[in-house]
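Which chain is which? The protein sequence lines are A and B, in order. The first sequence begins at 576 in the working numbering and counts up by one. The second sequence begins at 94 in the working numbering and counts up by one. Backbone N, C-alpha and C define an ideal beta-carbon position, used for all residues, glycine too. Since this is a predicted model, take the numbers as computed values, not measurements. These notes concern the structure reproduced below.
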Amino acid sequence: MNLNEMTVVKTAEAVNNQEISARYLIERTLEQIKNNVKLNAFACTAGAEAFEQADAVDQKIKSGYSLPLAGIPLAVGDNIAYKELPTAYGSAAFRKFKPPFSAAAVEKLIGAGAVVVGKINTGDMGFSSHKALSPAGPVMNPWKENRISESPGSAALAARQCMLALESDSEGSLRQGASSCGMYGFRPTPGRVSRYGLNLSSGSYDQVGFAASTATDMGITFQATSGYDERDILTSVSREAGPKPDPNKAPGEITLAFSPECFDQLDSISAKHLKQFQAKCLDLGFKVVESSLKLLPEALKAFYIIAYAEASSSFARFDGIRFGTAAEADELEDLYYKTRKLTFGHEARRRSVFGTYILSKGNFEQYYQQALKVWTLVRQDFNNAMANCDFLVMPVVSGAAPSGIEENDFLQRIESDIFTAPVSMACLPSLALPAWQEDGLPAGIQLVGHPFSDEILLNVAEMINTETIFPDTDKSAWEEG
Amino acid sequence: MNYEVVIGLEVHVELHTQSKLFCACPNRFVPEPNVNTCPVCLGFPGALPRLNSEAVNLALSASLALNCKVASISYFDRKNYFYPDMPKGYQISQFFEPIGSNGFIDIEDDSGNPKRIRVGRVHMEEDAGKLVHSLAGDMSMVDYNRAGVPLIEIVTEPDLRSSGEARKYLEKLKSHLEYVRVSDCKMEEGSLRCDANISLRPKGSDKLGSKTELKNMNSFKAVEKSLEHEIKRQKKILDAGNLVVTQTLRWDDNSQQTVAMRGKLQAHDYRCFTDPELAPIVLTEEEIEKARVSLPEMAEARACRFVEEYGLPDYDAGVLTASRNVADYFEECLKVYNSPKAAGNWIMGELTAKLNSSGQEIEQCPFRPEHLAELLKMIDENVISGKIAKDVLEKSFESGKSPGQVVSDEGLLQISDQSELETIVDTILENNSDSVENYRSGKTKAIGFLVGQVMKETKGKANPQLVNELLKDKLKK
């Protein structure tokens, strides 16, 4: 059986029908990870604990159960707690740290039959490897030499080192990485999936999200993980399920909006592709309109001011006293300095320093409070833009997957978030889906929905039905099967 | 020079909840360190706070009891500073928008005139852990049992003008908070903590002088004493033409003086901002009204009612209503046996003494209101004498037996049988002919001695009234 291009749906079905075993899937997956270690997608891989889980799944199926994610190899972001494996937050001080609990989403995915094959390599304190150097180095893009992936889960997925990835999305790294790896990356409406267990840098913007290779897979994953969790108050909005998609709805009853300001922010090649994608939507029968997004540049600045401010405070807990590695020190202040130096890389330090500055006396009003005002305006701007449409279609990034990291160009890297960070700010669900290829590299678009329209959004993505293409690799553990 | 004293108090009160403010850990003292902890109150990455609604209800009741305006929407903010007892590196507090504001407490000033002390704000926050230093001084350890325990901070305007007023304010505050069952307010145990800001200014000036902050007072008495001490200290400095240095001072109970706290002098910049991980507290008009309506009758109103309804003297009514539990005890007793004056006297006298010596609280002591009622009834019905009743109370208090049980177990029934007493009286008269002589020669006080002898003979069980009558009658002959 060639599992090379199997989806979650088909694979789980095969496991549920006992055509293949979960154990077999995990064996193949771990081998595939070994086949392409230079991708650097994994911080650590599971061993015995994964096989134990897989055997438990097989056992359950033998005793008559059917699981929606039976045997699906799952990769989990290294800033998301999983008690069976070290959770390092991309930090040297946490290399061996096993948290005392697992994240809510991890529990739910395991409950649905998924098997954790490893922790994926987040950058410093969970920031994307595009933003932050991980002590382990950047995660590479399986499509092209010397290109990186902003989302390690999407890289692992495209390289078939997992079939599903759980990771975080704040300024948009998940959607960006999915886009540059030709995969689907989903940031649900805040509160639809519990973020208990995600190390929050920014409580305002950080969410858990998923990388998968089809919209249908994403739908199953979302269904398995969404819902109320008493440990995350944000999920109290999920006490009632979201509106269900109408299966009889034709594309002609759905309005997609494109924003002229987005075209203005794109390089000419990406703009050309987005125009073609717009034409494709018309061909598919969708209603297509224009909607103006006036505040993208302002939103981006306000986003970072707030994210930096929150990070400086959220990271204060990393003092070496309760968890992580503490540095040797003679006195308290020294302990703080040395431990934090050991714990944080460049990006976390940058956010701590800038965030502290932003919140300090004299700066608070002109930066932080001003940014909060902009935030309100940004939400209004999106509200207005969405008033006459069901979904916004936006670019994910301008251009293709970025090349490696140069430490000093952080402002430029921030600018690449101009399409994704404002969507996070507006608290809207957003799915990156593959849309075109240019020069051997894939790129995606974002489908942005109204709050709580997650299920409908994933359904419409199925209707758009772009084909998922995987990069060629020299060797695949899957083909041998 | 004549100075005016200006004092403002910041009081932290532990809310008496089942669990901590943002997690399910029990809010209870345990001696073993770090037992009542979880990923949330230890600040683990990935653990999220979730607000305890019981704490909000108590903070709401406290705000209303202190006559505050309650905010229909208030927020939790992060107050950022590093210290090992603060697990997250910030304290979750209410900085920008407290739950209660613009309240007041009415007290009497030093001359007994009514005075209103403004309460600027009541806000909710979480407590920190506790640092424990090894005896050798080479190690510091942290106990996070207390981290995340819900507190309210109650801040007065600088309206207090003497140490006496400060003490009266604290007593009133304690009474108010006890009445609404928000906290047990035990300063000695740390469930109520008080910091004081104090400055002096020339009488008539409306400009505030430079202030000092006093900390580490562990009783109301210590607050009063430390303020007195600080008033004297500041007066001396000002009289010498010097300026008071703004600083934080620690009250040292052993040496009975204030000591400058060691540590940094620089002002902290707490970089407060609203916590993005917590939703605002939203209270509707109906919820606030419902809480207002369900507030208990407070001490002052209850005292007035006690005077009117039970005919108690003002003083007794004041003492009996200062604590809600005492007032409840009193009224519970009356429900069983309606003798207000006697009940009040026994509560204020014997029972309070017994509670103090045994260190028990009235609501937990084994001598229940119905026991007191039974005791009072037995006295009134001459089953036992008042003197014996004291013993009965003591024994009942210690054993938890009802007074009736104690009386029958110990054979303490009052002897009111005339013939039985006559025999005893006759014997006493026979054996004390001197006193009989004295009485008959006009020294009528001698009868007291004779009564005493009868009581001694009967181990106090004789009905004293009857003994008196019998003696007088026989001595006349």
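Delimiting residues of the alpha helix (DSSP H) encompassing residue 469 of chain B: Mapped onto the second sequence, residue 469 of chain B falls at position 376. 462-473 is the span of the alpha helix (DSSP H), which, as asked, contains residue 469 of chain B.
Residue range of the alpha helix (DSSP H) that includes residue 486 of chain B: Position 393 of the second sequence, counted from the first residue, corresponds to residue 486 of chain B. Where residue 486 of chain B is concerned, the enclosing alpha helix (DSSP H) stretches over 479-492.
Would you check if there are 3 or more beta carbon pairs closer than 8 Å linking the segment 916-924 of chain A to the segment 663-670 of chain A? Judged by Cβ distances under 8 Å, the segment 916-924 of chain A makes contact with the segment 663-670 of chain A, as three or more pairs qualify.
Do you know how far the Cα of residue 131 of chain B is from the Cα of residue 840 of chain A? Locating residue 840 of chain A in the first sequence gives position 265, where the first residue counts as 1. Locating residue 131 of chain B in the second sequence gives position 38, where the first residue counts as 1. The straight-line gap from Cα to Cα measures roughly 47 Å.
Which chain B residues sit within Cβ distance under 9 Å of residue 806 of chain A? For the purposes of this step, residue 806 of chain A is identified with residue 231 of the first sequence, where counting begins at 1. Close partners of residue 806 of chain A in chain B (Cβ separation under 9 Å): 133, 140, 141, 143.
Between the segment 933-949 of chain A and chain B, which residues of the former have CB atoms less than 8 Å from a CB of the latter, in chain order? 934, 935, 936, 939, 943
At the level of alpha carbons, what is the spacing between residue 570 of chain B and residue 486 of chain B? Walking along the second sequence from the start, residue 570 of chain B turns up at place 477. Walking along the second sequence from the start, residue 486 of chain B turns up at place 393. C-alpha separation (whole angstroms): 39 Å.
Taking 8 Å as the CB-CB cut-off, is residue 767 of chain A touching chain B? Here residue 767 of chain A refers to the residue found at position 192 when the first sequence is read from its first residue. Residue 767 of chain A does not count as touching chain B.
Going by DSSP in three states, residue 357 of chain B sits in which element: helix, strand or coil? On the second sequence, residue 357 of chain B is found 264 positions in, with the first residue counted as 1. Note that residue 357 of chain B has pLDDT 47, beneath the 50 cutoff, so the model's placement of it is unreliable and no number is given.
Is the CB of residue 653 of chain A under 8 Å away from at least one CB in chain B? Residue 653 of chain A sits at position 78 when you count from the first residue of the first sequence. So no, residue 653 of chain A is outside the interface.
Can you tell me the Cα-Cα spacing of residue 325 of chain B and residue 452 of chain B, whole angstroms? Counting from one through the second sequence, the residue named residue 325 of chain B turns up at place 232. Counting from one through the second sequence, the residue named residue 452 of chain B turns up at place 359. Taking C-alpha positions only, residue 325 of chain B is separated from residue 452 of chain B by approximately 35 Å.
Could you list the residues in the segment 1011-1042 of chain A with a C-beta less than 9 Å from some C-beta on chain B, going in chain order? none
In whole angstroms, what separates the C-alpha of residue 211 of chain B from that of residue 831 of chain A? Taking the first residue of the second sequence as position 1, residue 211 of chain B is located at position 118. Taking the first residue of the first sequence as position 1, residue 831 of chain A is located at position 256. Near 59 Å, if we compare the C-alpha coordinates of residue 831 of chain A and residue 211 of chain B.
Where residue 648 of chain A falls: helix, strand or coil (DSSP): Here the question's residue 648 of chain A lines up with position 73 in the first sequence. DSSP places residue 648 of chain A in strand when its eight states are reduced to three.
Go through its chain and collect everything with a Cβ distance to residue 476 of chain B's Cβ below 6 Å, but skip five positions before and after it. Residue numbering aside, residue 476 of chain B sits at position 383 when the second sequence is read from its first letter. Around residue 476 of chain B: 507.
Ignore the nearest five residues each way along the sequence and tell me which others in residue 659 of chain A's own chain have a CB closer than 6 Å to its CB. Along the first sequence, one-based indexing puts residue 659 of chain A at 84. These residues qualify, in order along the chain: 624.
State yes or no: is the beta carbon of residue 101 of chain B nearer than 8 Å to at least one beta carbon in chain A? Sequence index remark: in the second sequence, residue 101 of chain B carries index 8 (1-based). No - not a single Cβ of chain A is within 8 Å of the one on residue 101 of chain B.
Within a Cβ cutoff of 7 Å, which residues of the same chain sit near residue 509 of chain B, ignoring the five residues on either side of it in sequence? In the second sequence, counting from the first residue as 1, residue 509 of chain B sits at position 416. Here the set comprises 475, 556, 559.
Chain-order list of residues whose beta-carbon lies under 7 Å from that of residue 321 of chain B (same chain, five-residue window excluded): Here the question's residue 321 of chain B lines up with position 228 in the second sequence. 256, listed in sequence order.
Who pairs with residue 1016 of chain A in a beta bridge, going by DSSP? The residue given as residue 1016 of chain A occupies position 441 in the first sequence. DSSP output for residue 1016 of chain A lists A/1013 as bridge partner(s).
Buried versus exposed call for residue 874 of chain A [16 or more other C-beta atoms within 10 Å across all chains shown]: In the first sequence, residue 874 of chain A corresponds to position 299, counting from 1. Around the C-beta of residue 874 of chain A, 16 or more other C-beta atoms lie within 10 Å, and the residue is accordingly described as buried.
Whose Cβ in chain B lies nearer than 7 Å to the Cβ of residue 656 of chain A? Stepping through the first sequence from its first residue, residue 656 of chain A is reached at position 81. What residue 656 of chain A touches in chain B: 139.
Taking any Cβ of chain B, which residues in the segment 886-904 of chain A have a Cβ under 7 Å from it, in chain order? 888, 891, 892, 894, 896, 897, 898
Tell me the DSSP bridge mates of residue 626 of chain A? One-based indexing of the first sequence puts residue 626 of chain A at position 51. Residue 626 of chain A pairs with nothing; no bridge assigned.
Report the three-state DSSP secondary structure of residue 209 of chain B (helix, strand or coil). Along the second sequence, one-based indexing puts residue 209 of chain B at 116. Residue 209 of chain B falls in the strand class under three-state DSSP.
Using a Cβ-Cβ cut-off of less than 9 Å, list which residues of the segment 600-620 of chain A approach chain B; keep chain order. none
With a threshold of 8 Å between beta carbons, is residue 877 of chain A in contact with chain B? Locating residue 877 of chain A in the first sequence gives position 302, where the first residue counts as 1. No, no contact with chain B.
Check the Cβ-Cβ distances between residue 774 of chain A and every residue of chain B, and say whether any is below 8 Å. Mapped onto the first sequence, residue 774 of chain A falls at position 199. Nearest CB-CB separation between residue 774 of chain A and chain B: below the 8 Å threshold.
Bridge partners - residue 283 of chain B, DSSP secondary structure assignment: As a working mapping, residue 283 of chain B is identified with position 190 in the second sequence. Paired residues: none, contrary to the question.
Using the C-alpha atoms, what's the distance from residue 463 of chain B back to residue 551 of chain B? Here residue 551 of chain B refers to the residue found at position 458 of the second sequence. Here residue 463 of chain B refers to the residue found at position 370 of the second sequence. Straight-line measurement puts the Cα of residue 463 of chain B at about 28 Å from the Cα of residue 551 of chain B.
Looking at chain B, which residues of the segment 661-688 of chain A have a Cβ within less than 7 Å of any of its Cβ atoms? 664, 674, 675, 676, 678
Bridge partners for residue 341 of chain B per DSSP, in chain order? Here residue 341 of chain B refers to the residue found at position 248 when the second sequence is read from its first residue. DSSP lists B/306 as partners of residue 341 of chain B.
Give the C-beta separation of residue 192 of chain B and residue 218 of chain B to the nearest angstrom, bearing in mind that I take them to be a contact with Cβ-Cβ under 8 Å. Here residue 192 of chain B refers to the residue found at position 99 when the second sequence is read from its first residue. Here residue 218 of chain B refers to the residue found at position 125 when the second sequence is read from its first residue. At roughly 11 Å, the Cβ-Cβ gap does not stay under 8 Å, so residue 192 of chain B and residue 218 of chain B are not in contact.
Backbone secondary structure at residue 292 of chain B - three-state DSSP: For the purposes of this step, residue 292 of chain B is identified with residue 199 of the second sequence, where counting begins at 1. DSSP places residue 292 of chain B in strand when its eight states are reduced to three.
Using beta carbons (cut-off 8 Å, strictly below), is residue 357 of chain B in contact with chain A? For the purposes of this step, residue 357 of chain B is identified with residue 264 of the second sequence, where counting begins at 1. Note on residue 357 of chain B: pLDDT 47, under 50, position unreliable in the model; no value is reported.
Buried or exposed for residue 589 of chain A, please, with buried defined as at least 16 other CB atoms from any protein chain shown within 10 angstroms of its CB. What you label residue 589 of chain A is simply residue 14 of the first sequence in a count that begins at 1. Classification of residue 589 of chain A: buried, given that the 10 Å Cβ count is 16 or more.
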